[in-house]
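Chemist: Following my numbering, the numbering of the sequence shown begins with 68 at its first residue and continues without gaps.
For every residue, glycine included, the Cβ atom is placed at its ideal position computed from N, Cα and C.
Pasting a structure here, questions to come.
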Amino acid sequence: MKVLTKGFPVSDELWEKAKRLIPAGTQTLSKGPDQFVRGVTPKYLKSGSGCHVWDADGNIYIDYPLALGPILLGYDYKPVVDAVIRQVREGTTFTLMHPLEVEVAEILTSVIPSAEMVRFAKNGADVTSAAIKVARAATGRDHIAYSGYHGCQDWYAVTTPRDKGIPKVFKEFMHPFEYNKIATLEAAFAENPGKIACVIMEVPGTDPIIDPANGKNFLQRVKDLAHANGALFVMDEIVTGFRYSIGGAQKFYNVTPDLSCFGKGMANGFAISALVGKREFMKELDEVFFSMTYSGDTIGLAAAKATITELLSKPVLDHIWSMGEALHTEVNTFAESAGVNFRISGKPPRAGLSVKNRKGEDDLLLKSLFLQETVKRGILFGGPVFICYSHSPEDIEKTVEASCAAISVIKEAEESGEPARFLEGEPVGVVFRQRT
Ligand SMILES: Cc1ncc(COP(=O)(O)O)c(C=O)c1O
């Protein structure tokens with residue numbers, strides 16, 4: 068496979084300006100240069116088609132972070148882009164409400180098990196925050212039990228190392244628990260009796276553990292525990308929504324939450340998110356203050372309608388699952404046979420890279436080597452590994468070929484005893500996502 072040779076002069080020049088003009092240099096931390104191997108990776112992408120993206124210098128890549136998840140069908144996907152262009156001509160926002168608000172709300176209630184009512188916003192953090200407000204309003208309680216990542220707003224950001232600018236007192240309300248360790252949630256309830264308004268969690272790639280004692284999966288046990296303690300059960304489906312199944316992880320695992328949050332994949336890259344849930348709780352939004360200029364923006368709504376129409380009429384998710392499965396199986400089998408502690412881990416539609424050294428420790432240097440060797444071969448990997456409807460079997464084959472070559476380099480680097488010598492750029496920094 069062709070090794071890229073064009074270099075990144077345009078990207079590099081833009082970055083020099085960005086450092087002067089834009090605090091942190093980027094709008095989205097996970098897109099920043101330190102999440103990739105600097106020196107061998109472009110910093111700016113300019114266009115996309117299907118599963119391919121072009122950087123600012125004209126190099127082409129097969130993309131796997133897919134804009135951190137929103138691209139579910141593919142870049143420049145015609146039915147969605149056509150719907151959006153039509154809507155742009157008709158108008159993007161008005162003085163009064165728009166019919167699409169009702170139409171898309173109706174569609175969501177028909178495909179998401181927990182959705183009896185719907186409110187829209189733009190980013191995931193908008194609606195996870197709305198869920199927290201609703202839960203607090205419904206229960207009269209302030210505390211939150213949480214697992215996973217939920218966005219940059221104060222109630223959650225205070226639990227992360229990026230807590231600057233947030234009153235420390237907010238932290239007192241937050242109680243982490245660990246995915247698939249029910250005892251950690253039991254402890255949170257035991258230590259805060261009558262105080263926890265809701266349990267909010269995302270579903271990582273790991274399967275929910277089935278409890279042999281009662282046959283219940285972990286999500287059901289969380290829901291039961293929340294309800295037994297008078298708290299709401301909130302599923303954060305920003306990533307899993309429309310990827311695990313059209314109805315999200317809740318439909319896939321057959322557990323219906325009280326409230327759930329959708330975003331990312333729901334409009335194939337156009338900005339929209341949704342809080343959905345049971346009527347009795349969603350009605351709190353009659354009084355809870357949740358109102359923004361662009362919540363009902365018609366572009367996101369038109370894109371969501373077109374995206375969900377595609378999902379309902381074409382084998383999009385079957386394709387995503389089978390392409391993901393082929394990629395994971397082939398690459399992981401090769402890594403195992405090579406004796407390299409590397410895995411694409413998680414579910415076919417939602418995965419990540421696990422790169423460990425021979426001592427079994429996560430190793431950012433070896434991960435950087437993998438990213439370096441694949442990007443040089445025209446494959447853009449990053450933190451998350453997503454598949455879209457436009458990844459073809461040929462794209463997967465090219466990716467497997469590049470990944471196996473990269474794994475062979477890791478093997479050689481480890482055997483040399485000096486893996487750092489193999490790195491041509493600066494290694495990736497710690498990923499800014501914490502999972503409790
Ligand atoms: C599970 C989960 N929840 C919430 C969010 C926040 O979404 P946004 O970045 O759109 O605010 C993210 C973002 O990655 C996420 O992965």
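Would you report the Cα separation of residue 434 and residue 459, rounded to the nearest angstrom?
Modeler: C-alpha separation (whole angstroms): 25 Å.
Chemist: Tell me where the beta strand (DSSP E) around residue 191 begins and ends.
Modeler: Note, residue 191: premise wrong, no beta strand (DSSP E); alpha helix (DSSP H) at 191-206.
Chemist: For a quick check, are the C-beta atoms of residue 366 and residue 154 less than 8 Å apart?
Modeler: Yes.
Chemist: In or out: residue 321 buried (at least 16 other Cβ within 10 Å) or exposed?
Modeler: So residue 321 ends up on the exposed side.
Chemist: Looking at C-alpha atoms only, which residue of 212, 419, 336 is the closest neighbour of residue 452?
Modeler: Of the listed residues, the one whose Cα sits closest to residue 452 is 419.
Chemist: Report back the beta-carbon spacing between residue 504 and residue 212 to the nearest angstrom; my notes put them in contact at under 8 Å.
Modeler: Limits of the chain in this structure are 68 at one end and 503 at the other, which puts residue 504 out of reach.
Chemist: Roughly how many angstroms separate the alpha carbons of residue 193 and residue 328, rounded to a whole number?
Modeler: Spanning the two alpha carbons is a distance of roughly 9 Å.
Chemist: Using only the alpha-carbon positions, how far apart do residue 285 and residue 84 sit?
Modeler: So the alpha carbons of these two residues sit roughly 48 Å apart.
Chemist: In chain order, what residues of the same chain have a beta carbon less than 7 Å from the beta carbon of residue 423, not counting five sequence neighbours either side?
Modeler: Taken in chain order, the residues that qualify are 408, 429, 430.
Chemist: Would DSSP call residue 228 helix, strand or coil?
Modeler: If DSSP states are grouped into helix, strand and coil, residue 228 belongs with coil.
Chemist: Using three-state DSSP, classify residue 128 as helix, strand or coil.
Modeler: In the structure shown, residue 128 sits in a strand (DSSP, three-state: E or B).
Chemist: Measuring alpha carbon to alpha carbon, tell me which residue in 457, 446, 477, 415 is nearest residue 436.
Modeler: Of the listed residues, the one whose Cα sits closest to residue 436 is 477.
Chemist: Let me know the secondary structure DSSP gives residue 314 once reduced to three states.
Modeler: Three-state DSSP puts residue 314 in coil, outside helix and strand.
Chemist: Does the segment 339-347 come close enough to the segment 181-192 to have 3 or more Cβ pairs within less than 8 Å?
Modeler: Touching, yes.
Chemist: Using a 10 Å radius around the Cβ and a threshold of 16 neighbouring Cβ atoms, would you call residue 103 buried or exposed?
Modeler: When all chains shown are included, residue 103 counts as buried.
Chemist: Please give me, in chain order, every unbroken run of the alpha helix (DSSP H) with length at least 4 that falls completely inside the segment 357-408.
Modeler: You should have 365-380, 383-405.
Chemist: Kindly indicate which residue of 134, 118, 129, 124 has the alpha-carbon position closest to the one of residue 99.
Modeler: Nearest C-alpha to residue 99: 134.
Chemist: Cβ atoms of residue 265 and residue 202: under 8 Å apart, would you say?
Modeler: Yes, the Cβ-Cβ distance between residue 202 and residue 265 is below 8 Å.
Chemist: Assuming residue 325 and residue 299 form a contact by the criterion Cβ under 8 Å, report the distance between their Cβ atoms to the nearest whole angstrom.
Modeler: Indeed they touch by this definition, with Cβ atoms about 4 Å apart.
Chemist: Leaving out five residues on either side along the sequence, give the residues of the same chain with a beta carbon under 6 Å from the beta carbon of residue 223.
Modeler: Excluding positions up to five away in sequence, the list reads 217.
Chemist: Could you give the distance in angstroms between the alpha-carbon of residue 296 and the alpha-carbon of residue 262?
Modeler: The straight-line gap from Cα to Cα measures roughly 9 Å.
Chemist: Could you check whether the Cβ of residue 306 sits closer than 7 Å to any heavy atom belonging to ligand 1?
Modeler: Result yes, Cβ under 7 Å from ligand 1.
Chemist: Measuring straight from C-alpha to C-alpha, what distance separates residue 544 and residue 330?
Modeler: No answer is possible for residue 544: the residues shown for the chain start at 68 and end at 503.
Chemist: Just the C-alpha distance for residue 209 and residue 200, rounded to the nearest angstrom, thanks.
Modeler: When rounded, the distance between both Cα atoms is 9 Å.
Chemist: Please report whether the beta-carbon of residue 94 lies at a distance below 8 Å from any beta-carbon of chain D.
Modeler: Any reference to chain D falls outside this structure, which holds one protein chain only.
Chemist: Any heavy atom of ligand 1 inside 7 Å of the beta-carbon of residue 216?
Modeler: Under cutoff, so the answer is yes.
Chemist: Tell me the DSSP bridge mates of residue 210?
Modeler: Note: residue 210 sits in a beta bridge opposite 263.
Chemist: Sort out for me which residues DSSP pairs residue 84 with in a bridge.
Modeler: In the DSSP output, where bridge partners are listed per residue, residue 84 has none listed.
Chemist: For ligand 1, I want to know if residue 326 counts as a neighbour, meaning its beta carbon is within less than 7 Å of at least one of the ligand's heavy atoms.
Modeler: Because no heavy atom of ligand 1 lies under 7 Å away, the Cβ of residue 326 does not count as near it: no.
Chemist: Quick check: residue 205 and residue 348, are their CB atoms within less than 8 Å of each other?
Modeler: Going by C-beta atoms, residue 205 is nearer than 8 Å to residue 348.
Chemist: Just to confirm the assignment, what range does the alpha helix (DSSP H) spanning residue 349 have?
Modeler: Note, residue 349: alpha helix (DSSP H), 346-349.
Chemist: So which of 106, 164, 190, 160 has the shortest CA-CA distance to residue 136?
Modeler: Measuring from the Cα of residue 136, the nearest candidate turns out to be 190.
Chemist: Starting from residue 420 and walking both ways along the beta strand (DSSP E), at which residues does that stretch end?
Modeler: 417-422 is the extent of the beta strand (DSSP E) around residue 420.
Chemist: According to the neighbour-count rule (16 or more other Cβ atoms, all chains shown, within 10 Å of its Cβ), is residue 502 buried or exposed?
Modeler: Confidence is the limiting factor: at residue 502 the pLDDT is only 45, short of 50, which leaves the residue's position unreliable and the question unanswerable from this model.
Chemist: List the residues that DSSP assigns as beta-bridge partners of residue 247.
Modeler: Beta-bridge pairing links residue 247 to no other residue.
Chemist: Going by C-alpha distance, which of 294, 267, 246, 293 is nearest residue 277?
Modeler: Among 294, 267, 246, 293, the Cα nearest to that of residue 277 belongs to 246.
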